[in-house]
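Sequences listed follow chains A and B, in order.
Read left to right, the first sequence gives residues 9 to 333 (this note's numbering).
Read left to right, the second sequence gives residues 397 to 540 (this note's numbering).
Idealized CB from N, CA, C, for every residue including glycine.
One structure is given below, encoded as structure tokens.
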Amino acid sequence: MQKITRDLLVEKAVSLLENGTVDMVLGWKKGEFDYDITPAVFADADSLKDFVFDDFCGANFSKYLISNTKKTASKVLVFLKPCDTYSFNQLLTEHRFDREKVYAVGIPCDGMVDIHKIRAISGEGIAKIECGEKITVSTIYDETVNIEKADVLAERCVTCKSKKHVAYDELLGEDGEVLESARFDEVEKLESMTADERFEFWQGELSRCIRCNACRDVCPACTCEKCVFDNPASPVENKAAANSFEEKMFHIIRAFHVAGRCTDCGECSRVCPQHIPLHLLNRKFIKDIDNFYGEYQAGEEVGSRAPLVNYTTEDLEPGEAVEGR
Amino acid sequence: MQVNERKPLIVAFCCNWCSYAGADLAGNNRLSYPADVKIIKVPCSCRVNPMFILRAFQRGADGVILCGCHPGDCHYTSGNYYTRRRMALLFSMLDYLGIEKERTRVEWVSAAEGAKFAATMNDFAQTVAALGENKRLEDLRCKK
Ligand code: SF4
Ligand code: SF4
Ligand code: SF4
Ligand code: FES
């Protein structure tokens with residue numbers, strides 16, 4: 009596999025800017041720390057000096073295309089990891105941006121890492137992190153810790169569903185395959201618990217939610233210009249949940265609104281500052297949809313009909329749903 | 397039989413074209429069903445957004461039932477097919493969160509099925525009464 013490096017991506021971006029194919033580049037730049045890489049828009053070759061690409065580049069840029077394709081005079085260059093391409097297709101299916109305004113470069117991915125897992129090994133006081141075969145962490149206490157990348161992979165990468173790009177104009181390196189993923193294992197574990205245990209588990213998880221709405225804001229399936237959670241006339245307007253009912257309301261409805269359209273890109277769980285396993289809600293819907301209505305992967309194909317806007321006359325009855333899974 | 401038995405509050409969403417008419421027929425035929433079943437008329441079963449169900453629980457319902465035309469008979473052709481998928485997923489999700497699945501139900505009741513309407517409500521009210529008060533989806537601010 010060709011190693012995808014920062015320089016390779018910058019070289020590509022510069023050449024596309026210079027030959028006029030694109031006038032805008034979506035990429036990553038350093039935030040406050042080495043590990044908080046943030047999405048950025050680069051307008052010229054000069055600004056690309058700040059471009060970063062390493063193992064912290066989890067951010068999926070598909071959603072950013074909605075606003076940026078409206079600003080470009082030619083095309084926007086976007087780098088897409090395999091998982092990002094599913095979101096890209098899903099947004100196209102929903103007519104959320106103009107495909108003609110995008111130049112998509114697929115980049116192979118060997119997984120992103122999770123800073124929280126790194127910190128659990130290195131301890132607090134991280135001063136510098138170098139990515140590579142091994143992750144090297146230097147701390148403010150002058151310690152150096154070497155960590156295997158495999159031990160600190162982000163949860164969504166541990167259960168990666170596909171290394172195959174489903175959309176691109178150009179691919180750097182070699183494409184991978186759709187994987188056999190163990191992504192439903194944890195859902196199954198929960199299903200096998202008793203209702204009381206499940207209730208307790210979710211009560212514990214959801215009560216940590218601070219309603220920052222980051223999970224919604226980052227989600228490529230949550231693209232409503234007016235979100236139900238911003239409606240002041242609703243009982244769940246944009247504010248911290250007042251009690252456990254509101255927590256559950258928010259989480260059930262958020263997950264429901266993306267059911268059938270969620271590509272399982274993993275962004276919601278990645279950005280949650282409270283480490284709430286939102287993927288366990290999304291994957292429950294995905295798993296049920298697969299079981300009830302046949303396997304369906306959102307974003308695999310542009311134009312496919314999402315399961316909740318579809319039906320057959322033979323569908324199972326709601327009363328059979330819990331038994332039918 | 398227990399004295400002072402708490403009567404469960406049931407919210408029944410009924411579509412205008414079949415189930416609401418079915419409820420009417422039950423009334424005309426003087427069939428009895430619990431007075432604690434509060435009917436909310438909706439144009440079609442698919443008008444019921446998952447949030448309606450949760451809101452009913454929030455406002456104090458102990459059970460929520462959704463009634464519509466039989467599959468194939470929806471006044472709008474296919475509304476209830478969408479209802480069927482949505483509610484299957486919603487109910488399964490509620491169960492996944494540990495909320496008693498018996499508190500939610502979907503039943504297809506035609507305009508001619510007054511007897512089925514009454515029987516369904518009696519049965520559902522009994523099931524919900526056996527579960528007791530809704531605690532897992534309650535909002536204390538809405539309690540009287
Ligand atoms: S990102 Fe996490 S804390 Fe913020 S609203 Fe979503 S679940 Fe709650
Ligand atoms: S719900 Fe989460 S995993 Fe699904 S598309 Fe949205 S951000 Fe991605
Ligand atoms: S939570 Fe629902 S209403 Fe809000 S942005 Fe997401 S899909 Fe739209
Ligand atoms: S009109 Fe009765 S279910 Fe649609």
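Going by the beta-carbon positions, is the gap between Arg291 (chain A) and Lys247 (chain A) smaller than 8 Å?
Counting from one through the first sequence, the residue named residue 291 (chain A) turns up at place 283. Counting from one through the first sequence, the residue named residue 247 (chain A) turns up at place 239. No, the Cβ-Cβ distance between Arg291 (chain A) and Lys247 (chain A) is not below 8 Å.
Based on the DSSP output, what are the partners of Gly114 (chain A) in its beta bridges?
Position 106 of the first sequence, counted from the start, is the residue given in the question as residue 114 (chain A). Per DSSP, A:Leu88 and A:Leu179.
Contact between the stretch 256 to 266 of chain A and the stretch 84 to 99 of chain A is defined here as three or more beta-carbon pairs at a separation below 8 Å; is this criterion met?
no
Taking Cβ positions only, does Thr321 (chain A) come closer than 8 Å to chain B?
Taking the first residue of the first sequence as 1, we reach residue 321 (chain A) at position 313. Yes, because at least one Cβ of chain B sits closer than 8 Å to the Cβ of Thr321 (chain A).
Please confirm whether Arg206 (chain A) has its beta-carbon closer than 8 Å to some beta-carbon of chain B.
On the first sequence, position 198 is the one that residue 206 (chain A) refers to. At least one CB of chain B lies nearer than 8 Å to the CB of Arg206 (chain A).
Mind checking Ile148 (chain A): buried by the 16 CB within 10 Å criterion, or exposed?
On the first sequence, position 140 is the one that residue 148 (chain A) refers to. Exposed, by the Cβ-count rule.
Considering only the alpha carbon of each residue, which of A:Leu100, A:Leu161 and A:Thr271 lies closest to Gly66 (chain A)?
Looking up residue 66 (chain A) in the first sequence gives position 58. The shortest Cα separation from Gly66 (chain A) among A:Leu100, A:Leu161 and A:Thr271 belongs to A:Leu161.
Closest to Val537 (chain B) by CA distance: which of B:Ser441, B:Ala525, B:Leu490 and B:Gln454 is it?
Here residue 537 (chain B) corresponds to residue number 141 of the second sequence, with the count starting at 1. Strictly speaking, residue 537 (chain B) in this sequence is Arg, with Val absent from that position. When each option's Cα is compared against that of Arg537 (chain B), the closest is B:Gln454.
Please decide whether Lys292 (chain A) counts as near chain B, where near means a Cβ-Cβ distance under 8 Å.
Start at 1 with the first residue of the first sequence, and residue 292 (chain A) comes out as number 284. So yes, Lys292 (chain A) belongs to the interface.
Give the residues from the stretch 479 to 497 of chain B that approach chain A closer than 9 Å (Cβ to any Cβ), ordered along the chain.
Thr479, Arg480, Arg481, Arg482, Met483, Ala484, Leu485, Leu486, Phe487, Ser488, Met489, Leu490, Asp491, Tyr492, Leu493, Gly494, Ile495, Glu496 and Lys497
Any idea if His283 (chain A) is buried or exposed, counting beta-carbon neighbours within 10 angstroms, 16 or more meaning buried?
On the first sequence, position 275 is the one that residue 283 (chain A) refers to. So His283 (chain A) counts as exposed.
Taking CB distances under 8 Å as the criterion, tell me whether Met517 (chain B) reaches chain A.
Counting from 1 along the second sequence, the entry for residue 517 (chain B) is found at position 121. Not an interface residue.
Is DSSP giving Met590 (chain B) helix, strand or coil here?
With chain B covering 397 to 540 only, the question about residue 590 (chain B) has no answer from this structure.
What does DSSP give as the partner residues of Pro47 (chain A) in its beta bridges?
Within the first sequence, residue 47 (chain A) is the residue found at index 39, counting from 1. Its beta-bridge partners are A:Trp36.
Apply the 10 Å Cβ neighbour rule to Asp62 (chain A) and answer buried if 16 or more other Cβ atoms are within range, or exposed otherwise.
Counting from 1 along the first sequence, the entry for residue 62 (chain A) is found at position 54. When all chains shown are included, Asp62 (chain A) counts as buried.
State yes or no: is the beta carbon of Leu532 (chain B) nearer than 8 Å to at least one beta carbon in chain A?
The residue you call residue 532 (chain B) lines up with position 136 of the second sequence. Note on identity: in this sequence residue 532 (chain B) is Arg, with Leu being the wrong assignment. It does; some Cβ of chain A falls within 8 Å.
Could you check the C-alpha separation between Ala51 (chain A) and Val33 (chain A) for me, to the nearest Å?
Within the first sequence, the letter at position 43 stands for residue 51 (chain A). Within the first sequence, the letter at position 25 stands for residue 33 (chain A). Their Cα atoms are separated by approximately 6 Å.
Give the DSSP-derived three-state secondary structure of Ala339 (chain A) in the structure shown.
The requested residue 339 (chain A) is not part of the displayed model; chain A covers only 9 to 333.
Considering Val153 (chain A), what are the terminal residues of the beta strand (DSSP E) in which it resides?
Here residue 153 (chain A) is taken as the residue at index 145 of the first sequence, counted from 1. Its beta strand (DSSP E) spans residues Thr152 to Glu156.
Under 8 Å between C-beta atoms, does Asp458 (chain B) make it to chain A?
Your numbering for residue 458 (chain B) matches position 62 in the second sequence. No, Asp458 (chain B) does not count as interfacial toward chain A.
How about Gly59 (chain A) and Lys83 (chain A): do their beta carbons lie closer than 8 Å?
The count along the first sequence starts at 1 and reaches residue 59 (chain A) at position 51. The count along the first sequence starts at 1 and reaches residue 83 (chain A) at position 75. It is Phe, not Gly, that sits at residue 59 (chain A) in the sequence shown. No, the pair does not count as a contact, with Cβ atoms beyond the cut-off.
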